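Note sheet for the following structure.
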Amino acid sequence: MFNSEHHEESVLNSPDDTGLTNHQKAALVGAWSLVKQDMVSHGVNVFIRLFEEHPKYLEYFDFSQDDSAEELRENKSLHAHALNVMHLIGALIDYGLDNPLMFKCSLSKMMKNHKKHGVNKEDVTVC
Numbered sequence: 001m002f003n004s005e006h007h008e009e010s011v012l013n014s015p016d017d018t019g020l021t022n023h024q025k026a027a028l029v030g031a032w033s034l035v036k037q038d039m040v041s042h043g044v045n046v047f048i049r050l051f052e053e054h055p056k057y058l059e060y061f062d063f064s065q066d067d068s069a070e071e072l073r074e075n076k077s078l079h080a081h082a083l084n085v086m087h088l089i090g091a092l093i094d095y096g097l098d099n100p101l102m103f104k105c106s107l108s109k110m111m112k113n114h115k116k117h118g119v120n121k122e123d124v125t126v127c
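Numbered continuously in full-length UniProt numbering, the sequence shown closes out at residue 127.
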């Protein structure tokens with residue numbers, strides 16, 4: 001009995017081809033069910049916090065399309081980018097967790113896109 005329980009626990013705590021354990025996947029799915037209810041607000045909050053903690057990353061972005069916003073939090077260009085990011089996160093969680101190849105391909109595509117804009121490995125590691 002012990003060996004069976006130990007094996008079962010080992011499987012739950014071992015990462016699969018996505019690099020995530022079943023426990024981590026369950027936590028992501030649970031959190032996403034709350035976050036997806038207001039993706040724009042949550043996405044904007046993530047970026048505002050990123051920029052507050054790491055102001056240098058603001059230079060990677062061009063939010064000039066919305067020149068009517070008095071504060072970054074109100075900027076519709078930021079809202080649009082935040083929503084795109086949240087849609088990617090949602091797709092990774094909703095579809096990629098059960099399809100490791102899609103998960104990796106989506107992340108690879110995102111990284112190539114960011115690399116074109118000068119984002120490097122160290123920038124991503126900080127986050």
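All residues carry an ideal CB built from backbone N, CA and C; glycine is no exception. Predicted model, so just to flag it, every value in this text is computed and none were measured.
Worksheet item: Taking the C-alpha atoms as reference points, what is the distance between Gln-24 and Pro-55?
Response: 30 Å
Fill in: At least 3 beta-carbon pairs within less than 8 Å: the segment 38 to 45 vs the segment 98 to 107
No, because fewer than three Cβ pairs between the segment 38 to 45 and the segment 98 to 107 fall closer than 8 Å, the two stretches do not touch.
Worksheet item: Buried or exposed: which applies to Met-86, given that a residue is buried once 16 or more other Cβ atoms fall within 10 Å of its Cβ?
Response: buried
Discussion item. Residues in the same chain with beta-carbon distance under 8 Å from Ser-106, minus the five sequence neighbours each way, listed in chain order, please.
Written reply: Leu-88, Ala-91, Leu-92 and Gly-96
Worksheet item: So, is Thr-125 buried or exposed, given that buried needs 16 or more other C-beta atoms within 10 angstroms?
Response: exposed
Practice prompt. Note the first and the last residue of the continuous alpha helix (DSSP H) segment covering Asn-22.
Written response: 22 to 35
Discussion item. Just verifying my parser: in three-state terms, what is the DSSP assignment at Val-119?
Written reply: coil
Fill in: Alpha-carbon to alpha-carbon, Asp-67 and Val-29
36 Å
Worksheet item: Which two residues bound the contiguous alpha helix (DSSP H) that contains His-42?
Response: 39 to 53
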